[in-house]
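Asker:
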Amino acid sequence: MADEPLVLGIETSCDETGVGIVRGHTLLADAVASSVEEHARFGGVVPEVASRAHLEAMVPTIRRALKDAGVAASDLDGIAVTAGPGLAGALLVGVSAAKAYAYALGKPLYGVNHLASHICVDQLEHGALPEPTMALLVSGGHSSLLLTTDITSDVRPLGSTIDDAAGEAFDKVARVLGLGFPGGPAVDRYARDGDPKAIRFPRGLTGPRDPVYDFSFSGLKTAVARWVEERRREGADVPIADVAASFQEAVTDVLTRKAIRACKDHGVEHLMIGGGVAANSRLRAMAQRRCADAGIELRVPRPKLCTDNGAMVAALGAEMVARGRSASDWDLPADSSLPVTEPHVPGRTPATAPGHHH
Amino acid sequence: MDDLDVRVRLTVETAQAMRELGGRLAGLLRPGDLVLLSGELGAGKTTLTRGLGEALGVRGAVTSPTFVIARVHPPLGDGPALVHVDAYRLGGGLDEMEDLDLDVSLTESVVVVEWGDGKVEELAEDRLHIAIHRGTGTAADDVRQVVVTGVGARWRSAGLSGLSVACG
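Quick note, the sequences are listed as chains A and B, same order. Heads up: the first sequence at position 156 corresponds to 156 in the working numbering, and the numbers run straight through without jumps. If you want the working numbering, it's the position in the second sequence, counting the first as 1, plus 1000.
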């Protein structure tokens, strides 16, 4: 145990300031400060609000994580940070903080990919990630199917959304229904009292000639908006629970169907679901049943590890250390569109970590 | 808007035709141009922008910018970058464009703003307004009514009438 890498991870790609500490696959601390309440009045995330909030929360959140984990900063084997993708200004706060701590402490710096972190976090829940693993990543900004054979070096995108992300569709439908922001938890809550078969909303990109692994949620969003508009024009009450349940059913039906198809096509026996939408109760239940029917083992971390957090960054950083991947350079940039095919940003010359060898 | 504004009305039958309209629009755009897109949820604003991005030859698939508010698509060739903004949440308007932390020069880019009406007009005296109307209710089909209005001297002889060619 003690020789497993002890890594602190910093996540600031969106509206959560997350600092996590792990030792190998063991979670020691997961401190999160959220600016979501400040964003709620805008109905979404505002970049400048997020950047300022990260700046204010950074040092207290790092202190809290170290205290929760009961470790000293000098004991760390490395500092990991989300280098991208995400909001440029928000990422920059985390990357700058990580560089400062790593340099001052004499520890190697690992700039890692936000999406790969969402996959790797499952090691804290269910142990070592099977290789290969199919990952379905669904959040406000992403909807992707990723085939992962080595989370530190080989993540292959099979498909992604061609318009709106799944979480964005939840936010927009919540807006149409007047349920507030963020939309995911509200839709989930209302849907529990609704009939998922009440309205047959369209399943995007599920036709025989459509791309097999890509997603589209824009048409579904429009169909819901139109259905609600029609009701209101007739002066009828909008059955919010039924609309929420039927919409949610359409999203989870397509997500799980395509994920299982991807597993079968590639002979992959493990499906991992991550990202904020993985906290949706209907998605979890439907995936569980369909995976069981298909003989696929499903891994979904607890909801708190599905949404953005620092522990997932620490988890991927620890894996980088364990597999001897090279540290990042001191001029590591925040890259708002870092491709998912780059799980981390290695330095141009290997092993450039500053002195202080133990 | 005044009498000198140039206005073109189009009927767009399908999503594919909307994409093609974006492509024809790209042919008229120059660095520094501002395009304001308005229309209900699901009107086809992102679809139009996708066609525009493809024809401009920029990096990355054009998808909804709602979550990130603004996305920069760098040019693949010599053309301008495409900056795709969703201003829905920018309550304070243009001051906040500065707050988007965009790592790009707006005068060297084509800037497309969804939900920008009443918020970003001061960004440029010359600008193109594109209003997309879809039918409401479930009976409606894919048909959209599009009104393109060129505001300012830039658009008086920019060939906007060519947008309607081969349409529908």
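Using N, Cα and C, we set each Cβ at its ideal position, and we do this for glycine too.
In chain order, what residues of the same chain lie with their CB nearer than 6 Å to the CB of residue 152 of chain A, ignoring the 5 residues before and after it?
Answerer: Locating residue 152 of chain A in the first sequence gives position 152, where the first residue counts as 1. Same-chain partners within the cutoff: 319, 320, 323, 325, 343.
Asker: Using a Cβ-Cβ distance under 8 Å, would residue 1130 of chain B count as near chain A?
Answerer: Looking up residue 1130 of chain B in the second sequence gives position 130. Output row for residue 1130 of chain B: interface = no.
Asker: Can you tell me the Cα-Cα spacing of residue 288 of chain A and residue 277 of chain A, whole angstroms?
Answerer: Position 288 of the first sequence holds residue 288 of chain A. Position 277 of the first sequence holds residue 277 of chain A. If you take the alpha carbons of residue 288 of chain A and residue 277 of chain A, they lie about 15 Å apart.
Asker: Please state the DSSP three-state secondary structure of residue 12 of chain A.
Answerer: Walking along the first sequence from the start, residue 12 of chain A turns up at place 12. Coil.
Asker: Would you list, in chain order, the members of the stretch 134-152 of chain A that have their beta-carbon closer than 8 Å to a beta-carbon of chain B?
Answerer: For the stretch 134-152 of chain A, which is checked against every Cβ of chain B, the residues closer than 8 Å are 140, 141.
Asker: Might you give, ordered along the chain, the residues of its own chain that have their beta carbon closer than 6 Å to the beta carbon of residue 1055 of chain B, omitting 5 neighbours on each side?
Answerer: As a position in the second sequence, residue 1055 of chain B is number 55, starting the count at 1. Within the same chain, residue 1055 of chain B has close Cβ partners 1023, 1026.
Asker: State the Cα-Cα distance for the pair residue 92 of chain A and residue 335 of chain A, rounded to the nearest angstrom.
Answerer: Translated into the one-based positions of the first sequence, residue 92 of chain A becomes position 92. Translated into the one-based positions of the first sequence, residue 335 of chain A becomes position 335. Their backbone Cα atoms lie some 9 Å apart in a straight line.
Asker: Could you check whether the stretch 1142-1158 of chain B touches the stretch 1101-1116 of chain B, counting it as contact only if at least three pairs of C-beta atoms, one from each stretch, sit closer than 8 Å?
Answerer: They do not touch, by the three-pair rule.
Asker: Would you report the Cα separation of residue 205 of chain A and residue 274 of chain A, rounded to the nearest angstrom?
Answerer: Stepping through the first sequence from its first residue, residue 205 of chain A is reached at position 205. Stepping through the first sequence from its first residue, residue 274 of chain A is reached at position 274. One C-alpha to the other measures close to 22 Å.
Asker: Please classify residue 1128 of chain B: does DSSP put it in a helix, a strand, or coil?
Answerer: Taking the second sequence and counting its residues from 1, one reaches residue 1128 of chain B at position 128. Three-state result, residue 1128 of chain B: strand.
Asker: Shorter than 8 Å from the beta carbon of residue 1008 of chain B to some beta carbon of chain A?
Answerer: Your numbering for residue 1008 of chain B matches position 8 in the second sequence. No, because no Cβ of chain A sits closer than 8 Å to the Cβ of residue 1008 of chain B.
Asker: Quickly, what does DSSP pair residue 34 of chain A with across the bridge? List them, please.
Answerer: Start at 1 with the first residue of the first sequence, and residue 34 of chain A comes out as number 34. In DSSP, residue 34 of chain A forms a bridge with A:16.
Asker: Is the beta carbon of residue 1160 of chain B closer than 8 Å to that of residue 1029 of chain B?
Answerer: Taking the second sequence and counting its residues from 1, the one referred to as residue 1029 of chain B is at position 29. Taking the second sequence and counting its residues from 1, the one referred to as residue 1160 of chain B is at position 160. Their beta carbons are not under 8 Å apart, which means residue 1029 of chain B does not touch residue 1160 of chain B by this criterion.
Asker: Any C-beta of chain B sitting closer than 8 Å to the C-beta of residue 176 of chain A?
Answerer: As a first step, residue 176 of chain A must be located in the first sequence, where it is residue number 176. Answer yes: the Cβ-Cβ gap between residue 176 of chain A and chain B drops below 8 Å somewhere.
Asker: When the Cα atoms are used, what is the spatial distance from residue 1132 of chain B to residue 337 of chain A?
Answerer: Within the second sequence, residue 1132 of chain B is the residue found at index 132, counting from 1. Within the first sequence, residue 337 of chain A is the residue found at index 337, counting from 1. One C-alpha to the other measures close to 30 Å.
Asker: What separation, rounded to the nearest whole angstrom, lies between the Cα atoms of residue 1035 of chain B and residue 221 of chain A?
Answerer: Within the second sequence, the letter at position 35 stands for residue 1035 of chain B. Within the first sequence, the letter at position 221 stands for residue 221 of chain A. Roughly 24 Å between the two C-alpha positions.
Asker: Across which residues does DSSP place residue 47 of chain A in a beta bridge pair?
Answerer: Locating residue 47 of chain A in the first sequence gives position 47, counting from the first residue. Answer is none; residue 47 of chain A lacks a bridge partner.
Asker: Can you tell me whether residue 1014 of chain B is helix, strand or coil according to DSSP?
Answerer: By one-based count along the second sequence, residue 1014 of chain B stands at place 14. In the structure shown, residue 1014 of chain B sits in coil (DSSP, three-state: anything other than H, G, I, E or B).
Asker: Who does residue 110 of chain A pair with in a DSSP beta bridge?
Answerer: Taking the first residue of the first sequence as position 1, residue 110 of chain A is located at position 110. Bridge partners of residue 110 of chain A: A:80.
Asker: Could you check whether the stretch 1064-1081 of chain B touches the stretch 167-176 of chain A, counting it as contact only if at least three pairs of C-beta atoms, one from each stretch, sit closer than 8 Å?
Answerer: A contact exists between the stretch 1064-1081 of chain B and the stretch 167-176 of chain A.
Asker: Quick one: which unbroken alpha helix (DSSP H) runs of 4-plus residues sit fully inside the stretch 49-75 of chain A? Chain order, please.
Answerer: Taking only runs of at least 4 residues, no alpha helix (DSSP H) segment lies wholly in the stretch 49-75 of chain A.
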